[in-house]
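Report on the structure given below.
Protein chains: 2
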Amino acid sequence: MTQKILEVLSGQVIKPYPVWMMRQAGRHLPEYMKIRETAKDFIDFCFSPDKASEVTLQPVNRYDMDAAILFADILLVPIALGRQVSFIKGKGPVLDPLTVNDISRLDNDLTVLEPVYETVKQVRKRLDPEKTLIGFCGGPWTVATYMIEGQGTPKKEIAKRFAYENVEAMDSLLERIADASAHYLISQAQAGADVLKIFESWAENLSPALFERLVIKPTQRIISKVREAGITQPIIGFPRGGGLNAVRYAYAVKTEGLALGTDVPLSDMRALVGDSLALQGNLDPLALRIGGDTLRKAVQNVLDEIRGPHIFNLGHGVTPDVKIDNVYAVIKHIRTGEADYV
Amino acid sequence: MTQKILEVLSGQVIKPYPVWMMRQAGRHLPEYMKIRETAKDFIDFCFSPDKASEVTLQPVNRYDMDAAILFADILLVPIALGRQVSFIKGKGPVLDPLTVNDISRLDNDLTVLEPVYETVKQVRKRLDPEKTLIGFCGGPWTVATYMIEGQGTPKKEIAKRFAYENVEAMDSLLERIADASAHYLISQAQAGADVLKIFESWAENLSPALFERLVIKPTQRIISKVREAGITQPIIGFPRGGGLNAVRYAYAVKTEGLALGTDVPLSDMRALVGDSLALQGNLDPLALRIGGDTLRKAVQNVLDEIRGPHIFNLGHGVTPDVKIDNVYAVIKHIRTGEADYV
């Protein structure tokens, strides 16, 4: 029993390329909405193993995806650190913005995350052994931006200023996040996750020096702690929007896989990172939303750019307006070379 | 009489690195504000050669910058194409959003741009011959985003969707913008600009296929038209945020200079583009705003990353809150190796 995604992450070229999609378990699926409605709120949903495991499995059941990704959120770690997090409809996550003085007073009650490991166990038990279960956490910088800014902002300017002006406090915050994230990933792996992914969604527009300090170092910290704990599962890094800094990340962080945003020319990235690193990505999610011939061409463009070991995915997440038939079509296109798009 | 910036753009390494700053003529300067107040509005300001030439010269007079950049705006071209453009205090530019049907009805009355050439003439006459006068236009995609969306938006999603869904119309719009921009650059060069720069400020987060279509092709069109007109002035391309697509841009568009946003590791970019292409950038504008030791380190980090022919600059523009003493300090640091930051 082998998992295609594990084979790719060991450096093999597997064709047709295995495929899954970021945020594949989400609002574009009616069966997801049905379960979602039974939860009190989004956080309750994430911490309810029966519900979370059910929606984790849905896209594999429906689409025959090659992987299930744990249904959870990158902002569960701030909750474990004692921060107030709420998800407001139409606005996204809202946190109590962090001050320098809050950092030394952060909680470390990681037991709050335990329902997530129960979800992992339930999913792994029910999932086809040939399918991969991906656990994940947010990248420390990305998580820190939400903790400092209190919400998602386009430029992350408040968090960047915080990082420049409070060097020691920021480094300490990133260490706290990294340590909690390492514990979280270790526990997911022990509960049965086959692969671990680190979502550094806001790796864009950082100077190389800031990127080194805010992204690379804390991520290295996570990975050494995970490896020191004896966890051998492959790890996928996702420094979205990092541009050439993502190449530095590949060499410095040494994950088994590198997930890439929509903007990355895959063949050029391959030339820079060598033959064995598994790449993942990077269909434009906007093309998936638009569908039709736009989507067909976008899928073909990605396929044409792929070199070496590759896992097909989007460059970012599936949005609620995506048509189910188009997700089917993308998968069929990847597996058979053609499909009907709507 | 040689201009250092022209030497760099011919592939020579000049030390200390010549320096200028994007939006160096702007609201952080009291002498700029004094002239600004005498203009009816921002567009009137751009189209008043006496005022525009005065503010163009101010940063060279005050800071001894190695270049003056024409005071104008990338949205003058849409005005020449007959679009309504206004600049609203605290909100930025607002345009009448373009529909597909508007494209074939675009004006082509480029005479409205003539005051800009008069500004160029006045500046070149008054500017030290060893200083470079840089003319510019917006990149076609960046200009198109404003024309389609009616304002600056973080994700340019409306413009990207327009580009996907209206392929022919979009390509035609980009051609119209490119042709007007080529005419505009040719006229600036004929009026005395020593260097021409194309500001593709929103080159980020485009799939390689869209980047090719929306950024590279229309920019190639501008450049061939400029060269066909016998203009030999060097051109600097600025595909800000393009990541690895910026490398494709360097090879495909073949400008003499490549300006880079804050996120680019200069030494890595140098390794990818060869020894002779002049690079420009890429100090974090946020570090300039913060000043002090943050700024000192950020300047030193950029200096340490530079390889080969280089023009020192920011990765984006000077903001109104920047302290004049810190601009002085950056220049002194570059020229003498040290400076006092505030």
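Taken in order, these protein sequences are the chains called W and Y. Each number in the numbering used here corresponds to the 1-based position in the first sequence with 67 added. Each number in the numbering used here corresponds to the 1-based position in the second sequence with 67 added. Glycine included, C-beta positions come from ideal geometry on N, C-alpha and C.
For residue i, name the three-state secondary structure that DSSP assigns.
i	result
residue 166 of chain Y	coil
residue 151 of chain W	coil
residue 173 of chain Y	coil
residue 32 of chain W	A query on residue 32 of chain W cannot be resolved here, the shown segment of chain W reaching from 68 to 409 and no further.
residue 75 of chain W	helix
residue 58 of chain W	Past the boundaries of the shown model lies residue 58 of chain W; chain W is included only from 68 to 409, so the question cannot be answered.
residue 397 of chain Y	helix
residue 282 of chain W	helix
residue 194 of chain W	coil
residue 247 of chain Y	helix
residue 69 of chain Y	coil
residue 123 of chain W	helix
residue 80 of chain Y	coil
residue 199 of chain W	strand
residue 359 of chain Y	helix
residue 86 of chain Y	strand
residue 392 of chain W	helix
residue 270 of chain Y	coil
Among all the DSSP beta bridges, which residues are the ones paired with residue i?
i	result
residue 204 of chain Y	Y:265
residue 380 of chain Y	Y:349
residue 161 of chain W	W:153
residue 136 of chain W	W:201
residue 325 of chain W	W:304 and W:346
Measuring CA to CA, which of the options is closest to residue i?
i	options	result
residue 102 of chain Y	Y:114, Y:110, Y:121 and Y:84	Y:121
residue 130 of chain Y	Y:405, Y:399, Y:406 and Y:407	Y:399
residue 155 of chain Y	Y:192, Y:135, Y:107 and Y:168	Y:107
residue 276 of chain Y	W:146, W:115 and W:367	W:367
residue 81 of chain Y	Y:70, Y:282 and Y:177	Y:70
residue 287 of chain Y	Y:318, Y:158, Y:310 and Y:308	Y:318
residue 374 of chain W	W:401, W:347 and W:337	W:337
residue 411 of chain Y	W:350, W:340 and W:105	What the structure shows of chain Y is the stretch from 68 to 409, and residue 411 of chain Y is not part of that stretch, so it cannot be assessed.
residue 362 of chain W	W:329, W:397 and W:376	W:397
residue 247 of chain W	W:175, W:359 and W:369	W:175
residue 390 of chain W	W:241, W:364 and W:357	W:357
residue 244 of chain W	W:194, W:142 and W:92	W:142
residue 194 of chain W	W:384, W:300 and W:136	W:136
Is there a Cβ of chain Y sitting closer than 8 Å to that of residue i, yes or no?
i	result
residue 335 of chain W	yes
residue 282 of chain W	no
residue 316 of chain W	no
residue 342 of chain W	no
residue 365 of chain W	yes
residue 160 of chain W	no
residue 390 of chain W	no
residue 191 of chain W	no
residue 228 of chain W	yes
residue 242 of chain W	no
residue 232 of chain W	yes
Quick one: Cα of residue i to Cα of residue j, how far?
i	j	result
residue 315 of chain W	residue 196 of chain W	34 Å
residue 140 of chain W	residue 112 of chain W	10 Å
residue 100 of chain Y	residue 86 of chain Y	23 Å
residue 250 of chain Y	residue 96 of chain Y	31 Å
residue 161 of chain W	residue 79 of chain Y	51 Å
residue 153 of chain W	residue 263 of chain W	25 Å
residue 150 of chain W	residue 218 of chain W	13 Å
residue 88 of chain W	residue 306 of chain Y	29 Å
residue 372 of chain W	residue 325 of chain W	15 Å
residue 379 of chain Y	residue 83 of chain Y	9 Å
residue 225 of chain Y	residue 236 of chain Y	14 Å
residue 178 of chain W	residue 352 of chain W	35 Å
residue 405 of chain Y	residue 394 of chain Y	13 Å
residue 309 of chain Y	residue 330 of chain W	8 Å
residue 205 of chain Y	residue 344 of chain W	38 Å
residue 125 of chain W	residue 191 of chain W	13 Å
residue 312 of chain Y	residue 332 of chain W	7 Å
residue 94 of chain W	residue 270 of chain W	25 Å
residue 181 of chain W	residue 254 of chain W	9 Å
residue 208 of chain W	residue 215 of chain W	10 Å
residue 170 of chain Y	residue 355 of chain W	27 Å
residue 320 of chain Y	residue 167 of chain Y	28 Å
Output yes if chain W places a C-beta closer than 8 Å to the C-beta of residue i; else output no.
i	result
residue 381 of chain Y	no
residue 320 of chain Y	no
residue 325 of chain Y	no
residue 221 of chain Y	yes
residue 271 of chain Y	yes
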